[in-house]
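Below is one structure; the comments refer to it alone.
In the working numbering, the protein residues as written are 2 to 275.
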């Protein structure tokens, strides 16, 4: 990591991480004041629950709820972050992939496979002052793994779109999903839109109707028209069987907007109130 920063010094970031003593020694000799980054998940054997205290979000209340529910009992190490938050370290679950995720609305993130963490005694400059990542506590008892999926569902429950009855308007299925998408914060918006679009696709809603149902909500969350179109299209490609795509690359159920046009579907988005 760059000195007093979070940006990796190597070209591929945490993907360049190494446990080879000679490589690590070479890095330290070249940049002795660099911060320490650790890839989380299987590469290092540790995962981290990141309790954020920054801006409008304070994850301490949500983490306390998870503690009371017995979901984070096996922590092995706690580290204070420069912004006043906490990194809670757990051993990775052997043989099970646990991907990184963010629950931005409640101020808690999970750093697992595909992520990395800044470790003590790294430091950052906050408001002109040098502040440290510091070890706050080390478990005196046996540690255990954390069920990241269960923790996420507890902190940030995702709505379930019920199967659509014949003749029912898309608004019946899409209303709750749209409200949930509108509430996604930065770092959650694309994933939330993709997940919601997949649910509509699975319930037989056409791609055009899904765009109508979710477009305005996604825009209010901060996504642009082109990004919305691309994400919904990706969801339908991931959900629909390959047999539903014609040789010309056009999905039969997606309608006119699902082709190769570069511009977003302004007419369809217009019907959604964008």
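Built from N, CA and C at the ideal position, the CB exists for glycine as well.
### Pick from 100, 187, 25 that is closest to residue 33, judged by C-alpha positions
25
What does the alpha-carbon distance come out to for the pair residue 219 and residue 194? 7 Å
>> Can you give me the C-alpha to C-alpha distance between residue 36 and residue 206, rounded to a whole angstrom?
In response: 49 Å
Helix, strand or coil: how does DSSP classify residue 178 here?
-> helix
**Report entry** Runs of alpha helix (DSSP H) lying entirely within the region 38-69, each at least 4 residues, in chain order
**Finding:** 61-69
**Message:** Tell me the residue span of the beta strand (DSSP E) that contains residue 103.
**Reply:** 102-104
Cα-Cα separation, residue 75 to residue 130: 33 Å
Below 7 Å between beta carbons: does that hold for residue 138 and residue 72? no
What span of residues does the alpha helix (DSSP H) with residue 238 cover, start to end?
226-240
task = Counting only the same chain and skipping the five closest in sequence on each side, list residues whose C-beta sits under 8 Å from that of residue 187.
result = 105, 223
Worksheet entry | Assigned exposure category for residue 102 - 16 Cβ within 10 Å defines buried | buried
* Asked: Rounded to a whole number of angstroms, what is the C-alpha to C-alpha distance between residue 122 and residue 82?
  -> 10 Å
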